[in-house]
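Down below is the structure, laid out as structure tokens.
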Amino acid sequence: MDIDFTFLREGPYLGWLLMGAMRTLALFAAAWVMGFLLALLIVAVRASPVPLLQRLCMAFVGYHRNVPGLVQIFFWYFGISQLLPQSWQDAINASHSEFVFALIALSLNTAAYMSEDIRSGIRSLPPTQFEAARALGLSYLRAMYRVVLPQAVRISVPPLVNQSLSLFKSTSLAMAIGVAEMTYVSRQIENETFRSMEAFAIASVFYLLMSFLIMGVGGWSQHRLQTAGVH
Amino acid sequence: MTDIPTILYDFGLMLLLGGYPNGPVGGLALTLFLAIMGLVCSFPLAVLLGIARVSPWRALALPALALTSIVRGLPVLMLIFWAYFIVPLMTGYSVSGVTTVVCALVAYETAFLAEVIRAGIQSVPRGQVEASRSLGLSYVGTMRRVILPQAMRQMTPSILNQFINLIKNTSLGYIISVNELTSAAYQVSGQLLTKPFQVYFILASFYFVICYSLNLGVSRLEAWTARSAKPQLART
Amino acid sequence: MIRFHKVDKWYGEYKALDQIDETVKKGEVVVVCGPSGSGKSTLIRTVNRLEPIQGGAVYVNGADIHRPDVNINRLRSEIGFVFQQFNLFPHLSVLRNIMMAPMDVRGMRVGPAREQAMALLEKVGLAHKADAHPPQLSGGQQQRVAIARALAMNPPVMLFDEPTSALDPEMVGEVLQVMKQLAHDGMTMVCVTHEMGFAREVADRVIFMDAGRVIECNTPEKFFSAPEHPRAQKFISDIRHA
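Protein chains in written order, with our numbering: chain R, 73 to 303; chain F, 5 to 240; chain U, 8 to 249.
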């Protein structure tokens, strides 16, 4: 078994790999931001006293936690796209719809998990925090937004970092619908050059480096966000 | 939406059993088979790896840490591709997709379970180790008789959670054409052509029902262990 | 039986044990006392190598217990240790707690191990709790089981690290009773304890420690009535006022 990386110099493969890396990172970053913001919204809505809203949130989270990520992506790309009006469908087919659908599926998935992580962070806060904020005259939303959520998020940093890691790895699922992210590219290169070992090694190193980076950022942010007295 | 029962009627068996009895077992049956094989084969390896992780001998602990970190830092899909490539190389035969997926899942699950076991081992109070060693038990004896039995009790909910994750991860078999539940649904959708929403709705529901029920079971188990672990109050 | 020879121990910069040089003879009952932080628990834990030492040596039955090449498991099986926190195994019944070490370490068969365990439970007054599990017992009962568990290995010496400090006051007596009986039966014992009544009744010697050093070492009568060292005097008067 010989190992030979020269194929990188011949042909477009290096460019492919870079594009693949960028798509992975783009998918990750966009899904993370959208997922996080949506998670905050879900948390706020879930805590409201309206039972219907609570149950909707529970259903949302339940669906995303019990159905595989790949199936969620399929459901959006094959299932829901079919329900859209024909004009939308044509427009979507003309552009890079795979990326968008993968992004939507991953964002919602991440939002569901993150909302649970933040909720446990909130549960570990003494309820007096919220009461004090309300007693000072803050509305429900402002009390959540200014007092409860910032603290809860800090407590939740470790599980959130885990979730970020999970999201990053889940971007590879997008290859199933044709998004040319890193895993897809490495597979393509393998198909064309038969250099399986080299192609997969490069992709693996990429994923590992980014994983360690994410864990490092997580550790650093946990360190920086340490509030005195928060366990 | 009204065609869902029809689809279930027409294709339910295909989703549950794949090609059987006219072909190899697939569908949900294969999904469960893959998940169970993944858990059962990875468990003993995970125990060894978990013990290695907490070992005081660095020659054991550091490689264990490296191994778990690498496997956990890669997407499951990459593990499947690696397995697809490496396993035939190691065994000399070409292997089926099912074997490949099982190998990848075992590798993945071993790394994650090892962390669960490590946490379980480290959650046993140090006093237990001191008492056991003071009686003259060796490191191995202490692990076998004092630490692992107590750790296992703590870890059962986490192990079951990992099993639920395994079930979800079997869906990746689709990528290398292993005919588990997701692949079967894809084929059904391909046959019907105009009803992808209904088919994928059914697919999601299958997974939902299974995983949700297992999750309920885990919650019940956690509640039960919390209740039975509460010491009955002292009677002098 | 136990010999401390110029024992030094550091926790980082802090010197926990300073040139300890003492001997415990066979059949002696020695009580080690002193203010908290004096190093008394640390000292007793060096005897079965639960704590390492950096200088000097500790000999138990002639063996240098801190030598790296020594069979530590065998040596430990010949030293009985009773912890402040009992440390019973919660997943095993009381009887199994006592049976486990003789079976696992010495290869004793189930029958003889059970007989021996029941006999020991009788001795500490807990035969009726044989099938209970530790969380179901009171603190005093758990500690008595812990003593039985240590005795199951027939050690020639028993070490007690503040055995009653974690107990509610009304349970202290039952544990001390067992310990006094052991002392009367001729067991070599080293006890770190605050229980001065116990020391007066059964101790042959009291070792007073402060800041990692042995300050004073005397018979109980002399120590409690007329301590020589000013720090010992302060300790005694503090205890009297408690």
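A virtual CB, placed ideally from N, CA and C, is assigned to each residue, including glycine. Remember, predicted model here, so these are calculated numbers, not experimental data.
> Using CA coordinates, which residue listed in U:N225, U:R116, U:R121 and U:T200 is at the minimum distance from U:P42?
Replying inline: Numbered from its first residue, the third sequence carries residue 42 of chain U at position 35. Comparing Cα-Cα distances from U:P42 to each of U:N225, U:R116, U:R121 and U:T200, the minimum goes to U:T200.
>> Does chain F have any CB closer than 8 Å to the CB of U:F88?
In response: For this step, residue 88 of chain U is matched to residue 81 along the third sequence. Yes, its Cβ sits closer than 8 Å to a Cβ of chain F.
> Which residues in chain R sit within 9 Å of F:G124, going by Cβ to Cβ distance?
Replying inline: Residue mapping note: residue 124 of chain F aligns to position 120 of the second sequence, counting from 1. Going along chain R, no residue has its Cβ under 9 Å from F:G124, so there is no contact; the nearest lies around 18 Å.
> How would you call U:N262, buried or exposed, if buried means at least 16 neighbouring beta carbons within 10 angstroms?
Replying inline: Nothing about residue 262 of chain U can be read from this structure; chain U reaches only from 8 to 249.
> Looking at U:M196 and U:V36, is the spacing between their C-beta atoms short of 8 Å?
Replying inline: Mapped onto the third sequence, residue 36 of chain U falls at position 29. Mapped onto the third sequence, residue 196 of chain U falls at position 189. Their beta carbons are under 8 Å apart, which means U:V36 touches U:M196 by this criterion.
> Between R:G151 and chain F, is there a C-beta pair that is closer than 8 Å?
Replying inline: Indexing the first sequence from 1 puts residue 151 of chain R at position 79. The C-beta of R:G151 comes closer than 8 Å to at least one C-beta of chain F.
> First and last residue of the alpha helix (DSSP H) that includes R:R206?
Replying inline: Within the first sequence, residue 206 of chain R is the residue found at index 134, counting from 1. Under the DSSP assignment, R:R206 falls in the alpha helix (DSSP H) whose first and last residues are T200 to A207.
>> Please classify F:Q236 as buried or exposed, where buried requires at least 16 neighbouring CB atoms within 10 angstroms.
In response: Locating residue 236 of chain F in the second sequence gives position 232, where the first residue counts as 1. Because F:Q236 sits at a pLDDT of 45, beneath the cut-off of 50, its placement in the model cannot be relied upon, and the point is left open.
> Among residues of its own chain, excluding the 5 on either side of U:M203, which ones have a beta-carbon nearer than 7 Å to its beta-carbon?
Replying inline: The residue given as residue 203 of chain U occupies position 196 in the third sequence. Same-chain partners within the cutoff: F231 and I246.
> Could you check where the alpha helix (DSSP H) with R:G288 kicks off and where it finishes?
Replying inline: Mapped onto the first sequence, residue 288 of chain R falls at position 216. Taken as a continuous stretch (DSSP letters only), the alpha helix (DSSP H) holding R:G288 covers S268 to R296.
> Going by Cα to Cα distance, which pick from F:D14, F:R62, F:I55 and F:L225 is closest to F:R157?
Replying inline: Counted from its first residue, the second sequence places residue 157 of chain F at position 153. Checked all of F:D14, F:R62, F:I55 and F:L225; the closest Cα to F:R157 is F:L225.
> Using the C-alpha atoms, what's the distance from F:L71 back to R:A183?
Replying inline: Working through the first sequence from its first residue, we reach residue 183 of chain R at position 111. Working through the second sequence from its first residue, we reach residue 71 of chain F at position 67. The alpha-carbon atoms of R:A183 and F:L71 are separated by roughly 30 Å.
> What residues in its chain sit with their C-beta under 8 Å from that of F:K199, if we drop five residues either side in the sequence?
Replying inline: Here residue 199 of chain F refers to the residue found at position 195 of the second sequence. Same-chain partners within the cutoff: D7, I11 and S193.
> Out of curiosity, what's the CA-to-CA distance linking U:V65 and F:L66?
Replying inline: Here residue 65 of chain U refers to the residue found at position 58 of the third sequence. Here residue 66 of chain F refers to the residue found at position 62 of the second sequence. The alpha-carbon atoms of U:V65 and F:L66 are separated by roughly 33 Å.
> Which residues mark the beginning and the end of the alpha helix (DSSP H) in which F:D14 is found?
Replying inline: On the second sequence, residue 14 of chain F is found 10 positions in, with the first residue counted as 1. I8 to L21 is the extent of the alpha helix (DSSP H) around F:D14.
> Do you know offhand how far U:F11's Cα is from F:L141's?
Replying inline: In the third sequence, counting from the first residue as 1, residue 11 of chain U sits at position 4. In the second sequence, counting from the first residue as 1, residue 141 of chain F sits at position 137. Whole-angstrom Cα-Cα distance: 25 Å.
> Looking only at C-alpha atoms, which of U:M110, U:P59, U:Q149 and U:M216 sits nearest to U:V185?
Replying inline: Taking the third sequence and counting its residues from 1, the one referred to as residue 185 of chain U is at position 178. Residue U:Q149 is the option with its Cα nearest to U:V185.
>> As a quick exercise: from U:E228, U:L174 and U:L183, pick the residue whose alpha carbon is nearest that of U:G132.
In response: Indexing the third sequence from 1 puts residue 132 of chain U at position 125. Taking each of U:E228, U:L174 and U:L183 in turn and checking the Cα distance to U:G132, the smallest one comes out for U:L183.
> Would DSSP call U:G204 helix, strand or coil?
Replying inline: Residue numbering aside, residue 204 of chain U sits at position 197 when the third sequence is read from its first letter. DSSP places U:G204 in helix when its eight states are reduced to three.
>> Just to confirm my understanding: we take U:I61, look at its own chain, exclude 5 residues before and 5 after, and list those with CB closer than 7 Å. What are they?
In response: Your numbering for residue 61 of chain U matches position 54 in the third sequence. According to the sequence shown, residue 61 of chain U is Gln rather than Ile. So the list reads D15, K16 and W17, once near-sequence residues are dropped.
> Who are the neighbours of F:F212 on chain R, taking C-beta pairs under 8 Å?
Replying inline: Taking the first residue of the second sequence as position 1, residue 212 of chain F is located at position 208. Near F:F212 (Cβ distances below 8 Å), the residues of chain R are G134, Y135, N138 and V139.
> In chain U, which residues lie less than 9 Å from F:P153 when you measure between Cβ atoms?
Replying inline: Sequence index remark: in the second sequence, residue 153 of chain F carries index 149 (1-based). Correct list: F96, H98 and L99.
>> Measuring only the C-alpha atoms, how far is F:G31 from F:V203?
In response: Here residue 31 of chain F refers to the residue found at position 27 of the second sequence. Here residue 203 of chain F refers to the residue found at position 199 of the second sequence. Put simply, the backbone Cα of F:G31 is about 14 Å away from that of F:V203.
> What does U:I214 pair with, by DSSP beta-bridge criteria?
Replying inline: The sequence position of residue 214 of chain U within the third sequence is 207, counting from 1. In the DSSP output, where bridge partners are listed per residue, U:I214 has U:V39 and U:C224.
>> Runs of 4 residues minimum, wholly inside the segment 99-125 of chain U: which ones carry the alpha helix (DSSP H) assignment?
In response: 101-113
> What are the boundary residues of the beta strand (DSSP E) that includes U:Q26?
Replying inline: Here the question's residue 26 of chain U lines up with position 19 in the third sequence. From DSSP, the beta strand (DSSP E) with U:Q26 extends over Y21 to V31.
>> Against chain F, with Cβ distances strictly below 8 Å, would R:F266 count as a contact?
In response: The residue given as residue 266 of chain R occupies position 194 in the first sequence. Not closer than 8 Å to any Cβ of chain F, the Cβ of R:F266 fails to qualify, so no.
> In angstroms, rounded to a whole number, what distance separates the CA positions of U:D211 and U:A108?
Replying inline: To locate residue 211 of chain U, count along the third sequence from 1; it is residue 204. To locate residue 108 of chain U, count along the third sequence from 1; it is residue 101. So the two alpha carbons sit approximately 30 Å from each other.
> What's the call for R:F77, buried or exposed, on a 16-neighbour Cβ count within 10 Å?
Replying inline: In the first sequence, counting from the first residue as 1, residue 77 of chain R sits at position 5. Counting Cβ neighbours within 10 Å, R:F77 comes out exposed, since fewer than 16 surround it.
> Helix or strand or just coil, what does DSSP make of F:S73?
Replying inline: Translated into the one-based positions of the second sequence, residue 73 of chain F becomes position 69. Correct three-state label for F:S73: helix.
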